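2 protein chains.
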Amino acid sequence: MTMHAPSSTLQAYLERLLRRFADLDGGRVATYIPELAKADPRRFAIVLATVDGQLYEVGDARLPFTLQSISKPLVYGAALQDRGPERVARAIGVEPSGDAFNSISLEPGSGRPRNPMINAGAIAAAALLQGDDGEARLARLLDALSAYAGRPLEIDAAVFESERTTGHRNRAIGHMLRNYGIVSDDPEPALELYFKQCSVRVDCRDLALMAATLANGGVHPQTGVRAVAAEHIGPILSVMTTCGMYDFSGEWVYRVGLPAKSGVGGGIMAVLPGQLGIGVYSPALDERGNSVRGVAVCEALSRDLGLHFLQPPRPAVMALRARYTLAGVRSKRRRPPEQERRLEQQGDRAIVYELQGDLRFATLEPVLRDIAGAGAELRFAVLDFKRVGHADAAAVRMLEGLVNDFAAQGRHLVLTRVRRGGLLAGFGAELDPRSAPAVSFQPQLDLGLEWCERGLLDGAGAAAAQHPRELAEQGLCAGLAAEDIEHLRARLQLLRFEPGALIVRRGEPADGLYLLRRGEVSVIIELPQGGSRRLQTLSAGMSFGELTLVSGGARSADVRADTAVECWRLGTAEFAALHSERPSLLIGLLRQMLRGSSETVVRLSGELTALDA
Amino acid sequence: MTMHAPSSTLQAYLERLLRRFADLDGGRVATYIPELAKADPRRFAIVLATVDGQLYEVGDARLPFTLQSISKPLVYGAALQDRGPERVARAIGVEPSGDAFNSISLEPGSGRPRNPMINAGAIAAAALLQGDDGEARLARLLDALSAYAGRPLEIDAAVFESERTTGHRNRAIGHMLRNYGIVSDDPEPALELYFKQCSVRVDCRDLALMAATLANGGVHPQTGVRAVAAEHIGPILSVMTTCGMYDFSGEWVYRVGLPAKSGVGGGIMAVLPGQLGIGVYSPALDERGNSVRGVAVCEALSRDLGLHFLQPPRPAVMALRARYTLAGVRSKRRRPPEQERRLEQQGDRAIVYELQGDLRFATLEPVLRDIAGAGAELRFAVLDFKRVGHADAAAVRMLEGLVNDFAAQGRHLVLTRVRRGGLLAGFGAELDPRSAPAVSFQPQLDLGLEWCERGLLDGAGAAAAQHPRELAEQGLCAGLAAEDIEHLRARLQLLRFEPGALIVRRGEPADGLYLLRRGEVSVIIELPQGGSRRLQTLSAGMSFGELTLVSGGARSADVRADTAVECWRLGTAEFAALHSERPSLLIGLLRQMLRGSSETVVRLSGELTALDA
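Written out as structure tokens, the structure reads:
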């Protein structure tokens, strides 16, 4: 699915939203830093960014302003990355303070700031950034913030000067932190870094993309660059949830329900994990320091689009795209009738689950439960991963547990189309070594089905391929009179092919009809999207090439020898001559061709029904 | 997918978890109420309940204890239901207090309790329950809590007596609330109700099911009974998130990341919205009043099973099961070759989206975006709802917006298999009345495809059905010599059927081969799971009944007249006689049958490929 155009429905919705709240006056532009007081309170922008990088922007989306406190969760994330959660936890708590953003709010005794969203906690976080000197730490800061924006960000020198010369209260906080040993050296460098992070210039589009980077597990949705390790996303969003909107955080969770951070520059960044980033800009603030229109817009967005992260309806937990058994859908290997019958009877002993989306506890548990309920006769479970985007560590462990169970029960788990590059990274770590034979990875779903079929037939299929089928045993000759068979024999040419040889080539005219005496061949088509796909694998006693012969035109598929192959060919001219020479033979062959084709129609219809069940 | 057995992998995991934390001593059983002090600190239970009602229980899962503060979010929900959010918000705030659970924590000025999870807020919530007298309010309370448990709950009289006689601090809180007018009458009845809700007897299994009821949008996963309106779930889970674990709530969100509530009885109930409910019981408490083992177990569960509600990887947002165009998959209506060619060329103008799971903003937006990117030639979009479990209000509004856009663009939206009973409840409310012709509901996906085909052919299909096809124009007669056609004509019987008549009956032996002169018929099979499905719809010039005739055996499907029908029948005996009478005619017919069957094989293979693309 290629995504290349924004939805006009959503664009129109956002434009209505902008018009609706453009009249919402009230609130005041921040004045405690002189430079901020210059902002124009009429400016207004809303931007949504999806986790696959689509942007919806309305209003002054490219107007620059400064990040201010919105930098706090991002710098906290950088501190987690640079120093690890234990070290950071010793310096900064995670409890909401219930106090205003610029309160000192240090824990009695330890002097640890209550959380990283108040100024004290943010200064402590800035002090934890890695770097040999101030320049290196500043580079680290700008790199971290720029990765979230997906473009190089810069500091607004005027705002920084203004912050630095008027930040007396923050300077007091810095010295309190020094007093308690939270900041171990002179607090000035950490304060300077903090004033700089507040003065980083962004626009509303940057905010939405920063939020979308958090929503996307730390990877920027457009550049693909990781801004922060995935393991720190939960902690960052947690502190945004409980402390991100100052002493309005409880109300915010209640009314909006999105982890968020506001800044006195007028921005709000809000995150719907796994789905969406939101940026809103409007510089008039309420008494708590949050953008008046920003809060109103987020509340409306959450209500209108159903974004509250705790609200029903429940998110889709369905990871199952299709479920069927080998009785309904089989591999492309055609088998002699007695084997087909055995597979029809035994097919319920192999269940196929085509999975979809992300595998995690809640999506995999119903599948495991279905397997547990399948009854003692189950021998194979196939899990197809083609449409699985991600499997978390819990899902990998659950699969390992399933394999261990299967090994003990004499069952087999077949995992098909597991993409390379870490989709099941770490699989095997908790696998009992004796369980290894109970799991098989197969590159194609079709091959996984065939693997199960072989198991159900206990190797009978492989043996059959070795055994030559003489002319009277050929499927196409069923029902022919002995004289017709002799007539046919006289017109056949016996051909031999090495494994891998191309017997029939796509695009060529029909050179005859083939009867397979010994060995196996596969009929292969090229796919429009590239790559190839086997349509059938045939074994001794089966025929190919008849359809082009009857219908005319060019061969539609390649036929390749999978093993050493012996086959008879009835040439085009010899086939045509049967019409006058020996009509009864031709009628007999056509009847058998029609019967075979009808069986294929029934089989394919059955597969389509099974897939839609 | 029937779910009838727990997964042994998960059961084994929980047993390991229980053993691992059974050694975690420390903490003390609550003693501030004498009756609670009798609890045995060695007791321990863990229960998981999925939103589809599967239970995993280990330890003392059926041992009774009292609900205590775990009643608070549930009674808060009952108050929201009885009085509405505005009335409740006037009495109770939603900000975390930062203080201990039994602090008075009233807002300065208004006297409003900070939130419903502290005792003051819970007493205010109890005072809001609907009922004419104390008895009615008690019944309301017990009904509400019992609906969450899925069984009738009762009050532990000894605990209640103990609560009542020792609840001096709570009585003080009650009178403070009276003082501020939060409770308008004598606070005693509200206090009594509050003591009773704390004294309700449950077991750990009840806790897990209560949590699963919240996770499931308010509906008990086993009884199917709604315990609270869906709209109140977001608010309930919000206050649990920000205030549910007393002054450990920030740390809890950080470490565990599940809305939760603990009680001094030793229970913890935790909710993974949309997925899971967790109950843990172990009566030894830490200094904040939370179960020591309960906190440890929830932290381990969240980490091991990846349950943190804000943690990556992102949840599956994929609502798309399959996407294809009419060029790849067509309806079961067979059309004359010139129409088939037109549909092959024009097929990309109709896109089909098979949707899956829940539709909401984040799952529907990529589909709308794909439609927006489809290019100006797009005329039809089909959305198949067979596997859609729920569509929220935002999704319904987005679909309405799409229809309005489509109407302006001269496009059509076809919605197929939308279950009755409110799946798209309210659809149409924001539809421009002029847009109505731009949307079509079709009960079957197949019929939706046919609807688009008719549109692409601009009614040519319907006209073709009226036009009779004489014998020489029949597909089966293509390439036959004139004398062969005359030979055939002499052996045919012309039959007429009313609309709805059964022409061929499943299970009967073949009575001949049918050539359709005028009108339309459908080939229909019965499905194993009940119901029926059309395999094909055929129009004048096409044939049916040939396969059973050639292969023998009984008819595999019904053939029914969709319109008034005229058709020729070539009887079984007459067909058999052709072998000796006129082999050239038989050969010609068999060739055409084989050609038709081969085309069907190609078409069905193409559909299977398109569905797996």
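Residue numbers (the numbering used here), protein chains in the order written: chain B, 1 to 613; chain R, 1001 to 1613.
From the three backbone atoms N, C-alpha and C, an ideal C-beta is built for every residue, glycine too.
Predicted, not measured: the structure shown is a model, and the values here were computed from it.
For residue i versus residue j, is the C-beta distance shorter than 7 Å?
{"i": "Ala1045(R)", "j": "Ala1061(R)", "result": "yes"}
{"i": "Ala126(B)", "j": "Tyr194(B)", "result": "yes"}
{"i": "Trp620(B)", "j": "Gln444(B)", "result": "A query on residue 620(B) cannot be resolved here, the shown segment of chain B reaching from 1 to 613 and no further."}
{"i": "Ala1229(R)", "j": "Pro1273(R)", "result": "no"}
{"i": "Ala1197(R)", "j": "Val1075(R)", "result": "For the sequence presented, residue 1197(R) should be read as Gln rather than Ala. Yes, the Cβ-Cβ distance between Gln1197(R) and Val1075(R) is below 7 Å."}
{"i": "Leu305(B)", "j": "Ala1394(R)", "result": "yes"}
{"i": "Ala1049(R)", "j": "Gly1277(R)", "result": "yes"}
{"i": "Leu495(B)", "j": "Arg569(B)", "result": "yes"}
{"i": "Gly279(B)", "j": "Ala208(B)", "result": "yes"}
{"i": "Arg1255(R)", "j": "Pro1064(R)", "result": "no"}
{"i": "Gln1346(R)", "j": "Leu1456(R)", "result": "yes"}
{"i": "Leu359(B)", "j": "Val388(B)", "result": "yes"}
{"i": "Met117(B)", "j": "Cys243(B)", "result": "yes"}
{"i": "Tyr56(B)", "j": "Leu14(B)", "result": "yes"}
{"i": "Val1239(R)", "j": "Val1094(R)", "result": "yes"}
{"i": "Leu1343(R)", "j": "Glu1453(R)", "result": "yes"}
{"i": "Leu1310(R)", "j": "Leu237(B)", "result": "yes"}
Taking all protein chains shown into account, do 16 or more other C-beta atoms lie within 10 angstroms of the C-beta of residue i, making it buried, or fewer, making it exposed?
{"i": "Arg595(B)", "result": "buried"}
{"i": "Lys72(B)", "result": "buried"}
{"i": "Gly375(B)", "result": "exposed"}
{"i": "Ser1597(R)", "result": "buried"}
{"i": "Pro1113(R)", "result": "buried"}
{"i": "Ala1316(R)", "result": "Annotation note: pLDDT 49 at Ala1316(R) (below 50); position unreliable, coordinate value reported separately. Buried, by the Cβ-count rule."}
{"i": "Ser1331(R)", "result": "buried"}
{"i": "Pro1528(R)", "result": "exposed"}
{"i": "Val1601(R)", "result": "buried"}
{"i": "Lys1617(R)", "result": "Here chain R covers residues 1001 to 1613 and nothing more, so residue 1617(R) does not appear."}
{"i": "Leu1502(R)", "result": "exposed"}
{"i": "His168(B)", "result": "exposed"}
{"i": "Ser1543(R)", "result": "buried"}
{"i": "Pro1433(R)", "result": "exposed"}
If contacts are defined as beta-carbon pairs under 8 Å, then residue i and residue j qualify, I think. What distance do you get, rounded to the angstrom?
{"i": "Ala564(B)", "j": "Glu607(B)", "result": "Ala564(B) to Glu607(B), Cβ: 31 Å. No contact."}
{"i": "Leu153(B)", "j": "Leu142(B)", "result": "6 Å"}
The ligand ATP heavy atoms versus the CB of residue i: any closer than 6 Å?
{"i": "Val352(B)", "result": "Because no ligand of any kind appears in the structure shown, any question about the ligand ATP cannot be addressed here."}
Chain R contacts made by the stretch 345-374 of chain B, where a contact means CB separation under 7 Å: Gln356, Gly357, Asp358, Arg360, Phe361, Ala362, Thr363, Glu365, Pro366, Leu368, Arg369, Asp370, Ala372 and Gly373
Chain D contacts made by the stretch 584-609 of chain B, where a contact means CB separation under 8 Å: You won't find chain D in this structure, because its protein chains are B and R.
The stretch 504-516 of chain B / the stretch 539-558 of chain B touching (three or more Cβ pairs under 8 Å): yes
Near-chain B residues of the stretch 1503-1528 of chain R (beta-carbon distance less than 8 Å), N- to C-terminal order: Leu1527
Validate contact between the stretch 1236-1252 of chain R and the stretch 1168-1178 of chain R using beta carbons, cut 8 Å, 3 pairs: no
Under 9 Å (Cβ pairs) to chain R, residues found in the stretch 116-138 of chain B: none
Near-chain R residues of the stretch 327-344 of chain B (beta-carbon distance less than 7 Å), N- to C-terminal order: none
Touching by the beta-carbon criterion (3+ pairs, under 8 Å), the stretch 377-385 of chain B and the stretch 405-420 of chain B: yes
Contact between the stretch 1467-1482 of chain R and the stretch 1513-1529 of chain R (3+ Cβ pairs under 8 Å): yes
Residues of the stretch 1292-1305 of chain R with Cβ closer than 7 Å to any Cβ of chain B, in chain order: Asp1304 and Leu1305
Validate contact between the stretch 528-546 of chain B and the stretch 478-488 of chain B using beta carbons, cut 8 Å, 3 pairs: no
Residues in the stretch 1261-1292 of chain R having any Cβ partner in chain B nearer than 9 Å: Val1271, Leu1272, Pro1273, Gly1274, Gln1275 and Leu1276
Residues, ordered as in the chain, of the stretch 48-68 of chain B that lie near chain R by beta-carbon distance below 8 Å: Thr50, Val51, Asp52 and Gln54
Residues in the stretch 140-159 of chain B having any Cβ partner in chain R nearer than 7 Å: none
Selection of the stretch 1396-1422 of chain R by Cβ proximity to chain B, strictly under 7 Å: Met1398, Gly1401, Leu1402 and Asp1405
Residues of the stretch 1007-1034 of chain R whose Cβ lies closer than 8 Å to any Cβ of chain B, in chain order: Ser1007, Ser1008, Thr1009, Leu1010, Ala1012 and Tyr1013
The stretch 394-404 of chain B touching the stretch 419-436 of chain B, judged by at least three CB pairs closer than 8 Å: yes
Interface positions of the stretch 1085-1112 of chain R facing chain B (Cβ-Cβ less than 7 Å), listed along the chain: Val1094, Glu1095, Pro1096, Ser1097 and Gly1098
The stretch 474-493 of chain B: positions lying closer than 7 Å to chain R by Cβ: none
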